[in-house]
Amino acid sequence: MASSAELRKDRDLFGDFVSHLNNHYRRRGLFLQLDKWEYFDKTKAFDNHRTQDEYNKHVCNCDAFVCLFHTKAGEFTQEEFKLASDECCSRGLPLFIYFRRLTLWDKIKGVSESLDEFKKTCIESELQYFWGEYETNDKLHLDFVLWLDSYLFDGQSELKTENGNVVLGDVIVAKMSQLPFAANNEDFKKLSKTIWDYPGKIDKLRKRTEKYPDEQDFRDELQQALDDYNKAIDEFARYQQTLLDTAKFIADRRMAQTDKKLQRAMDAFEAGDMAGANTILKEIDIEAEEFNKSFENDRNQMHKYIEAFQLQAKTVMAEVEKPIKERRSLVADIYAKADDWANRSAYDPKKYAKLLFDYASFLDDYAYYEDAETIFLRQIALSEKVYGSDSTNTASSYNDIGVVFYHRSEYNKALEYYMKALHVFKNVHGDNHPDTSLIYNNIGMLYNKQNDYPKALDYLLKDLAISENVLGANNPNTATSYNNIGSVYKNQGKYSKALEYFFIALKIYKKELDNNHPSIAKSYNNIGEAYYGQNEYKEALEYHRKALKIRETVLGVDHPDTAISYNNIGMVYKSQGNYDKALEFTNRALEIYEQKLGHDHVLTLKMRENIEKVKEAMRMVNS
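Numbering-wise, the sequence shown is residues 2 to 624 according to the working numbering.
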C-alpha cells in the first residue's frame, strides 16, 4: 500500500481493517498481509541502497497494490505506482487506485499539479485497474472489499447487509449511514426517518391503551402501528440490500475506460441521487433504441448499453415508491432486452454468463420458473464453456437450476443437477464446507418430497453437522437445517419431534433475521402444519396467518409460497367446518398455481382435489 503522508490516518485505519478482513479470508483458504512503508525499519543501513529501493522490491513481490491520493501525487508514490502497474500488467494482478474526495477547503488551499497530471495519465492509460473516490473510510473499505472479493472469487461475493451494516462473514465492512449512496439517498433518508419516528408514536399509543384497556379501537391502532413498524424495518433492510447489490454491479465496471454517460449514472447513484441516475439511464435507454435502429452491428457501443441495462434493472428494483408488481414487470423486460442485445453482439462470455445468472436468479426469485429454467440452461452451457464443468461457478448454476426443477416438482431432474453440483463442491472444497452443506440440504429436501425419509434424514443430518461446525449453532443456515429435519419428522407424522426442531429454528431465525424474512414465514408455516397434523386447529390457524402476512408483504399475493399459506388456511377452515372460508382461500391458491405453474402442474391438480374435498364436505352437510 502506498500513499502520501497527508493520508496517514487513512492508511492506519486501512491497515487495521485488512487485519480484520484476514480473519475472514483465512477461513476461505486465503491470507492477507499488508506491506506499508511504515512497517520498514528506516534506521537499518542498506548498503548503497535507498530505503525506498528495499520497499520497491516488496512492491514488485506483492499480489495486489493499493494506492491512495488526496491533494498531491508524491514522487515516491508515483514511483511505486509505476512499478506496481508494470507488475500488474505482466502478472495479471489487481491494481487499486483511490482518490479522497476534495473538500471546498482542499480546493481553497490548492491542489498540486502533480495530482492533476497523474489523474490525466490514469484516464488516458489503457491499463485496466480498479479505481474510485471516497469521502469516508467506510466508503474506501467497502470499495476495496467489493473489488477484492469479486476478484478473488470471480464475482461470487459474500457481502450482504445486516442491521444497518455491510458485512463480510462476521467482519463489519462499513456502516450504511456512512456510505454516500445511502446517506444522501432520499428514499434511504425517508425510510430511516420513518423507523426513527415509530418508537415514539408506539410509546404514546401504548400508554393510551394502558390507560383505556377496554377500548378495542385503541388496541387495534396500537397493533397496526406495531405491524407497520415491523413492515418498515423489513422494507428498509431489503432496500439496503438492493443498494448494496447496485454498488456491487457498479464496482465490477469501475475500470479506467467507461462510457461517459454511464459513468455519470454510476456517479449519481454513488452520490445518493437515485432519481438522477434513473433519469440518465432512461436517456441511455432511449438513445439505445435509436441506436438499435441505425447501428445494430456496432458491437462496442452495444456492449456499453448492455451494461447500462443491467444497472437499470437494479436501480428500478430500488424504486420503492413503485408497486412490486410493476417493478417486477419492468425488470423482466430490461433483462430480456439486455439478453437479446448480448446475444446479437458477441458480448464477453464471462460477462454474458454473469448477466444470464442474474437474469435467471431474478426469474426464480419471483416464481417465473419456466423462464428461469430456459435462461439457466443457457447460462450453464456458457459457464461450462468459459469455466469448465468442474468449476464452482458452474456448480453454483447446477444447484440453482436444480432448485428451479424442485419448485416445478421435477425431482429427477433436480437430483441430477444437485449431484453434479455436489461432485464439484466436494472435489474443490471437501466435505466440511458451506457449499457442500447446501447441496446436502437440497438433496435431503428432495428425498423428503419423494417420501424417502431415511435418505432425507441422512443428507439433512450431514448438512446440520457441517453447519454447526463451520457456521455455528446460531447461524440462519443452521436454523434452516433444523427446520428441514423437522419437515421430515412432520411428514412421518412425528409431530411432537417436528415441533421441537421447528421451534429451535424459529428461535434462531427471530434472533438473527428481520421479522418479515421469508425463512421466518416458512418456519411459521411448518409449525402450523405440525399443529394441524395434531388436530390443534386454533394454533395451526394462528401460525398459518403469521406466515401469510409475511408472504403477502414480501413476495406478493401472487407468489406460489403465498398460495401454500392460502391452501393451508383453507384446509384448517375445512377441518373446522367453515366451508365458505375454506373455499375462499383454496380458490385463491388455485388461481396462483394456474397462473404461475400451469393448469397441469402437480400442485395445481392437488389444489383442485382439495377444492373438491371442500365441496364434497359441503354437500354432505347440506344433504
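Backbone N, C-alpha and C fix where the C-beta goes; we use that ideal spot for every residue, glycine too.
Mind checking which residues open and close the alpha helix (DSSP H) that includes residue i?
i: TYR306; result: 300-318
i: GLY571; result: 561-577
i: GLY403; result: 393-408
i: LEU227; result: 217-253
i: VAL603; result: 603-623
i: ASP372; result: 370-388
i: ARG265; result: 261-271
i: GLU211; result: 187-212
i: TYR483; result: 477-492
i: GLN34; result: Careful: GLN34 lies outside any alpha helix (DSSP H) and carries neither H nor E.
i: TYR594; result: 580-597
i: LEU105; result: 105-110
Given a cut-off of 8 Å on the beta-carbon distance, is the pair residue i and residue j in contact?
i: ALA269; j: GLN311; result: no
i: ALA233; j: THR280; result: no
i: TRP342; j: ILE285; result: no
i: TYR502; j: ASN475; result: no
i: TYR1; j: LEU192; result: The requested residue 1 is not part of the displayed model; the chain covers only 2 to 624.
i: ALA309; j: THR247; result: no
i: GLY473; j: TYR460; result: no
i: ALA278; j: THR316; result: yes
i: THR479; j: SER497; result: no
i: LEU604; j: LEU598; result: yes
i: ALA531; j: LYS575; result: no
i: ALA238; j: ASP515; result: yes
i: PHE82; j: CYS68; result: yes
i: GLY75; j: SER5; result: yes
i: ASP188; j: MET275; result: yes
Taking the alpha-carbon of residue i as reference, which of the options has the nearest alpha-carbon?
i: ASN185; options: ASP359, TYR538, ALA382 and GLU136; result: GLU136
i: LYS547; options: GLU537, ASN536, ASN527 and ASP559; result: ASN527
i: LEU22; options: ALA175, ASN485, LYS110 and TRP106; result: ALA175
i: ARG589; options: VAL558, VAL615, ASP601 and GLY599; result: VAL558
i: TYR490; options: GLU114, TYR454 and ALA522; result: TYR454
i: ASP349; options: ASN301, TYR336 and LYS83; result: ASN301
i: VAL573; options: GLU585, HIS600 and TYR538; result: TYR538
i: PRO95; options: ALA506, VAL146 and GLN242; result: VAL146
i: PRO561; options: ASP366, PHE18, ALA276 and LEU542; result: ASP366
i: ILE402; options: PHE504, LYS414, LYS202 and THR393; result: LYS414
i: PRO324; options: GLU592, GLU553, PHE70 and SER576; result: GLU553
i: THR72; options: GLU371, GLN79, SER392 and ARG101; result: ARG101
i: ASN433; options: GLU76, ASP464, LYS421 and SER390; result: ASP464
i: ASP334; options: SER390, PHE363 and ASP17; result: PHE363
i: ALA457; options: ASN470, PRO435, VAL471 and SER482; result: SER482
i: LEU169; options: SER178, LEU143 and PRO435; result: LEU143
i: LEU534; options: ASN569, ALA564 and TYR510; result: Per the sequence shown, residue 534 should be read as Gly rather than Leu. Comparing Cα-Cα distances from GLY534 to each of ASN569, ALA564 and TYR510, the minimum goes to ASN569.
i: GLY487; options: ASN470, LYS511, THR210 and LYS523; result: LYS523
i: PHE18; options: ILE173, PHE70 and ALA289; result: ILE173
i: GLU7; options: GLU80, CYS61 and SER113; result: SER113
i: HIS304; options: SER115, SER158 and LYS352; result: LYS352
By DSSP, does residue i sit in helix, in strand, or in coil?
i: THR4; result: Checking the displayed sequence, the identity of residue 4 turns out to be Ser instead of Thr. Reduced to three states, the DSSP call for SER4 is strand.
i: TYR135; result: strand
i: TYR348; result: coil
i: ARG29; result: coil
i: GLN451; result: coil
i: LYS355; result: helix
i: GLU81; result: helix
i: ASN517; result: coil
i: ASP42; result: For ASP42, the pLDDT reaches just 47, beneath the cut-off of 50, and the residue's location in the model is therefore unreliable, leaving the point undetermined.
i: VAL429; result: helix
i: VAL558; result: coil
i: PHE154; result: coil
i: ASN527; result: helix
i: ALA74; result: coil
i: HIS545; result: helix
i: ASN536; result: coil
i: PRO324; result: coil
i: HIS424; result: helix
i: ASP11; result: helix
i: VAL471; result: helix
i: TYR367; result: coil
i: GLU411; result: coil
Residues bridged to residue i by DSSP?
i: ASN166; result: GLU163 and LYS176
i: VAL67; result: PHE97
Does any CB atom of chain D fall closer than 8 Å to the CB of residue i?
i: ASP171; result: Absence of chain D from the displayed structure is noted, only one protein chain being present.
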